[in-house]
Amino acid sequence: MARPKLTVYLDIISPFAYMAFYVTKNSPIFKQCDVNYVPIFLGGLMQKCNNRPPIEINNKGAYIFHQRERWATRFSIPFAPTSPEPFPQLTLQVQRTLCAIMLTQPASTLDACFAALYHAFWVDLVSPINKPENFLPVLARALGDGEKGSKLAREMFERGNSAEAKKALAGNTEQAFQEGAFGLPWFVATDAEGRKEGFWGFDHLGQVVDHLGLERVGGGYRA
Numbered sequence: 001m002a003r004p005k006l007t008v009y010l011d012i013i014s015p016f017a018y019m020a021f022y023v024t025k026n027s028p029i030f031k032q033c034d035v036n037y038v039p040i041f042l043g044g045l046m047q048k049c050n051n052r053p054p055i056e057i058n059n060k061g062a063y064i065f066h067q068r069e070r071w072a073t074r075f076s077i078p079f080a081p082t083s084p085e086p087f088p089q090l091t092l093q094v095q096r097t098l099c100a101i102m103l104t105q106p107a108s109t110l111d112a113c114f115a116a117l118y119h120a121f122w123v124d125l126v127s128p129i130n131k132p133e134n135f136l137p138v139l140a141r142a143l144g145d146g147e148k149g150s151k152l153a154r155e156m157f158e159r160g161n162s163a164e165a166k167k168a169l170a171g172n173t174e175q176a177f178q179e180g181a182f183g184l185p186w187f188v189a190t191d192a193e194g195r196k197e198g199f200w201g202f203d204h205l206g207q208v209v210d211h212l213g214l215e216r217v218g219g220g221y222r223a
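Going by full-length UniProt numbering, the residue at position 157 of the sequence shown is 157; the numbering climbs one at a time, nothing skipped.
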């Protein structure tokens with residue numbers, strides 16, 4: 001029987017996508033399945049869905065900020081006490097660079113770069129995260145020691161400006177849309193018998209665990 005598989009669509013701009021990444025990457029529960037992280041452009045997805053950012057909806061922005069605090073506390077997810085400024089902000093360049101990494105480096109390297117960028121943006125408040133002078137030093141530390149990391153980060157940035165990387169980001173975003181996504185995080189979970197379901201939102205992580213048939217190591221994750 002095949003191992004369960006989980007695809008998680010991500011953009012650095014989304015705090016709830018960060019939480020989804022942090023938990024699926026660090027929780028022992030998700031060691032029971034294969035997890036694949038896919039960079040998309042959330043702004044493009046929202047346009048495809050004719051959707052509006054939550055902070056543009058009266059009362060919803062304040063609510064989700066407190067909801068984020070509650071979930072972060074419950075799962076011990078690191079966050080700065082405030083959001084990065086300005087917020088929201090463009091992430092197109094950094095997401096294209098992540099696609100360049102996805103195309104040329106091992107999956108573990110992409111994971112490390114996601115982790116470094118999320119921590120820089122949501123914990124250290126490095127902003128605007130889309131500026132190369134801000135995100136390249138973060139990537140350099142994730143990609144290697146000293147000059148090796150700096151050189152590879154610059155190569156990935158340059159490749160991120162290529163038609164190939166731009167096409168990859170557009171393709172990933174379209175793929176998420178075709179899978180049913182209308183916001184982030186979006187999960188596509190395939191259980192051991194090949195049954196596939198889509199789930200939206202960090203607060204549905206318990207349903208993801210149930211669908212995948214994962215043992216709830218340490219409890220928690222109610223659907």
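Quick reminder that beta carbons are idealized off the backbone N, C-alpha and C, glycines included. Bear in mind that the values here come from a model prediction, so they are computed numbers and not experimental data.
Leaving aside the five residues before and after residue 128 along the sequence, list all residues of the same chain whose C-beta is less than 6 Å from its C-beta, in chain order.
-> What you label residue 128 is simply residue 128 of the sequence shown in a count that begins at 1. Excluding sequence neighbours, residue 128 sits near 89.
Query raised in the report: Can you tell me the Cα-Cα spacing of residue 101 and residue 213, whole angstroms?
Result: Your numbering for residue 101 matches position 101 in the sequence shown. Your numbering for residue 213 matches position 213 in the sequence shown. Cα to Cα, the separation comes out at about 31 Å.
Query raised in the report: Would you say the segment 35-44 touches the segment 170-179, given that touching needs at least three Cβ pairs under 8 Å?
Result: Result yes; three or more Cβ-Cβ pairs closer than 8 Å.
- Query: For the 8 Å Cβ check, are there 3 or more pairs between the segment 144-163 and the segment 74-84?
  - Reply: The segment 144-163 vs the segment 74-84: no contact.
Spatial distance of residue 53 from residue 185 (CA atoms) = As a working note, residue 53 is residue 53 in the sequence shown. As a working note, residue 185 is residue 185 in the sequence shown. Near 13 Å, if we compare the C-alpha coordinates of residue 185 and residue 53.
(message) Just to confirm before moving on: does the CB-CB distance between residue 19 and residue 72 stay below 8 Å?
(response) For this step, residue 19 is matched to residue 19 along the sequence shown. For this step, residue 72 is matched to residue 72 along the sequence shown. Yes.
Touch test, the segment 159-170 against the segment 93-100, Cβ-Cβ under 8 Å, three pairs minimum:
Because the criterion of three Cβ pairs below 8 Å is met, the segment 159-170 and the segment 93-100 touch.
Item to check | 8 Å contact criterion, which residue 188 and residue 29 should meet: CB distance rounded | outcome: As a position in the sequence shown, residue 188 is number 188, starting the count at 1. As a position in the sequence shown, residue 29 is number 29, starting the count at 1. Contact doesn't hold; Cβ gap of about 17 Å is too wide.
> Under three-state DSSP, which class holds residue 53?
Replying inline: Position 53 of the sequence shown, counting from 1, holds the residue named residue 53. Correct three-state label for residue 53: coil.
For residue 194, does the count of other Cβ atoms within 10 angstroms reach 16, so buried, or fall short, so exposed? Looking up residue 194 in the sequence shown gives position 194. By the 10 Å Cβ count, residue 194 comes out exposed.
Rounded C-alpha distance that separates residue 116 from residue 141: Taking the first residue of the sequence shown as position 1, residue 116 is located at position 116. Taking the first residue of the sequence shown as position 1, residue 141 is located at position 141. Their Cα atoms are separated by approximately 8 Å.
Curious, which full-length alpha helix (DSSP H) runs of at least 4 residues does the segment 77-113 contain?
92-104, all fully within the segment 77-113.
* To do: Name, in chain order, the residues that DSSP records as bridge partners for residue 9.
  => Working through the sequence shown from its first residue, we reach residue 9 at position 9. Answer is 38, 186.
- Task: For residue 124, count neighbouring C-beta atoms within 10 Å of its own C-beta (all shown protein chains included) and say buried if the count is 16 or more, exposed if not.
- Result: As a first step, residue 124 must be located in the sequence shown, where it is residue number 124. A residue is called buried once 16 or more other Cβ atoms fall within 10 Å of its Cβ, and residue 124, having fewer, is exposed.
With a cut-off of 8 Å on the beta carbons, I'd call residue 224 and residue 180 a contact; round off their distance for me. Residue 224 is absent from the model: the chain starts at 1 and stops at 223.
Exposed or buried, which one is residue 1 when buried takes at least 16 other CB atoms within 10 Å? On the sequence shown, residue 1 is found 1 positions in, with the first residue counted as 1. Exposed, since its Cβ has fewer than 16 Cβ neighbours within 10 Å.
- Item | Classification of residue 50 by the beta-carbon crowding that lies within 10 angstroms, buried from 16 upward | Within the sequence shown, numbered from 1, the residue matching residue 50 stands at position 50. Exposure of residue 50 is indicated by the presence of fewer than 16 other C-beta atoms within 10 angstroms of its C-beta.
Whole-angstrom distance between residue 5 and residue 86, CA atom to CA atom: Along the sequence shown, read from residue 1 onward, the residue named residue 86 stands at position 86. Along the sequence shown, read from residue 1 onward, the residue named residue 5 stands at position 5. Rounded to whole angstroms, residue 86 to residue 5 spans 36 Å at the Cα level.
**Prompt:** Can the beta-carbon of residue 104 be found less than 8 Å from the beta-carbon of residue 13?
**Reply:** Your numbering for residue 104 matches position 104 in the sequence shown. Your numbering for residue 13 matches position 13 in the sequence shown. Contact flag unset, no.
(message) Taking a contact to mean a Cβ-Cβ separation below 8 Å, would you say residue 3 touches residue 120 in this structure?
(response) Locating residue 3 in the sequence shown gives position 3, where the first residue counts as 1. Locating residue 120 in the sequence shown gives position 120, where the first residue counts as 1. Going by beta carbons, residue 3 and residue 120 fall outside the 8 Å limit.
Strand pairing of residue 199, partner residues [DSSP] = Position 199 of the sequence shown, counted from the start, is the residue given in the question as residue 199. Residue 199 is bridged to 187.
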